[in-house]
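Enquirer: Before we start, here is the structure in question, set down as C-alpha cells.
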Amino acid sequence: MKKANGIVLDKPGKPNYRTPASFRIIVLLETLSKILERLSALRLASAARSLGLLHPNQCGSLASQGSFDAVATLTHEVRLLQAASFNVSTLFLDFNRRFDNVCANKLATSLTRGGVSAYLVAWIKSFLSKRQCRLIFQGAPKVFCPVAVGTPQGSQITPLLFVLYIASLHPTIPQGLAISYVDDLTITVGSDSVHSNIHALQYYFGIIQRQCADLWVAYSVPKTELIHSRTLKDRSEVSFAPL
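Encoded structure:
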C-alpha cells in the first residue's frame, strides 16, 4: 500500500521540455489504501477540531469551510476596515511545492503536543514513512525509488495533514486578518496610509518566513500578489507601491 505509480505528463504550452518543471506527475495510489486513508482523515479531523489544532481562519480541505467562506471573510474584513476610514492592503502568498516538504517527524511532534491519540499519530508516521514511487514515461526504467519526505499526492488525508502542519503560520493582526485556503495565505492590514500597510505586511511576512524555515516550507515568489483596495469614493491616486 506504500507503493505508487507516477504518470509523467507534459504541461501544455511550454516553450521546451528540457527541464523537470515542464512536466506534471499524476500519482496513482492503491484503492484499498485510499479507503483506509479516508477513515483516518475523518478521525483526525474530528480530533483536530475538538483539540483546537485548527486555526479558525483556515479554509479548504475541511468540512463546511470552503472557498466561499474564505472569499466572504476576506471581503467582509476589507469593507469593515474601509468603513473605519482605513486604507486596506492585502498580501497573497502561495506555498511552493507544499505537499512535498511536509516533515513526518515535525508533524507527529506537533500532533502529539496537541493531544492527538498515540495510535493515530503512530498511524500517520507509518503512513508517511518508507513510501516508494516509480515514474511511468517512455524510456523509464520502471523501478521503485524511496520517497523520503512529503505526503503522497492524491491521498484522502494529505490535504488535512498539510493544513494541520501550517496551522501555526497565522499571525494575530490587531487591525486586519490572516486567512488561509489550503496552501494559500492572505494577510490583510488597515492603517492611515498605504506605506504604513506595506511596513506592516513586511513585518508580518518576516515572522511567517522565519516560521516557514522551521517547518522546511517556503512561499513561491512569482505567485505572490499585493492588492491595495479602494472605495468608489476614494479620490487619492492609485498606489503601485511595492512590497
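Sequential numbering of the sequence shown, starting at 5, is according to the numbering used here. Ideal Cβ placement from N, Cα and C applies to all residues, glycine included.
Please name the residue or residues paired with E229 in a DSSP beta bridge.
Expert: In DSSP, E229 forms a bridge with F96.
Enquirer: Are the beta-carbon atoms of T35 and F103 separated by less than 7 Å?
Expert: No, these two residues do not count as a Cβ contact at 7 Å.
Enquirer: Spatial neighbours of A112 within its chain, please: C-beta separation below 8 Å, excluding the five flanking residues on both sides.
Expert: Excluding residues within five positions, the ones whose Cβ falls inside 8 Å are V125, I128 and K129.
Enquirer: Under the assumption that V31 contacts G10 (Cβ atoms under 8 Å), give the Cβ distance between them as a whole number of angstroms.
Expert: Confirmed, Cβ separation roughly 5 Å.
Enquirer: Indicate whether the contact test is met: 3 or more Cβ pairs, each with one atom in the stretch 80-93 and one in the stretch 198-214, closer than 8 Å.
Expert: Enough Cβ pairs lie closer than 8 Å, so yes.
Enquirer: Quick one: is G180 buried, meaning 16 or more other Cβ sit within 10 Å of its Cβ, or exposed?
Expert: Buried, because 16 or more other Cβ atoms sit within 10 Å of the Cβ of G180.
Enquirer: What separation, rounded to the nearest whole angstrom, lies between the Cα atoms of S133 and A152?
Expert: Going by the C-alpha atoms only, they are around 7 Å apart.
Enquirer: To the nearest angstrom, how far is the alpha carbon of A108 from that of T162?
Expert: Taking the straight line joining both Cα atoms gives about 12 Å.
Enquirer: Just to confirm my understanding: we take S65, look at its own chain, exclude 5 residues before and 5 after, and list those with CB closer than 6 Å. What are they?
Expert: Only P163, L164, V167 and V186 meet the Cβ criterion.
Enquirer: Within this structure, are the beta carbons of G158 and L13 separated by less than 7 Å?
Expert: Against a cut-off of 7 Å, the Cβ pair of L13 and G158 comes out as no contact.
Enquirer: Note the first and the last residue of the continuous alpha helix (DSSP H) segment covering P163.
Expert: Looking at the DSSP string, the run of the alpha helix (DSSP H) that includes P163 is T162 to Y169.
Enquirer: Helix, strand or coil: how does DSSP classify K237 here?
Expert: In this structure, K237 counts as coil in the three-state DSSP scheme.
Enquirer: Using a Cβ-Cβ cutoff of less than 6 Å, which residues in the same chain neighbour S37 once the five nearest sequence positions on both sides are dropped?
Expert: Cβ within range, chain order: M5.
Enquirer: Using the DSSP secondary-structure output, state which residues sit across from I183 in a beta bridge.
Expert: I183 pairs with T190.
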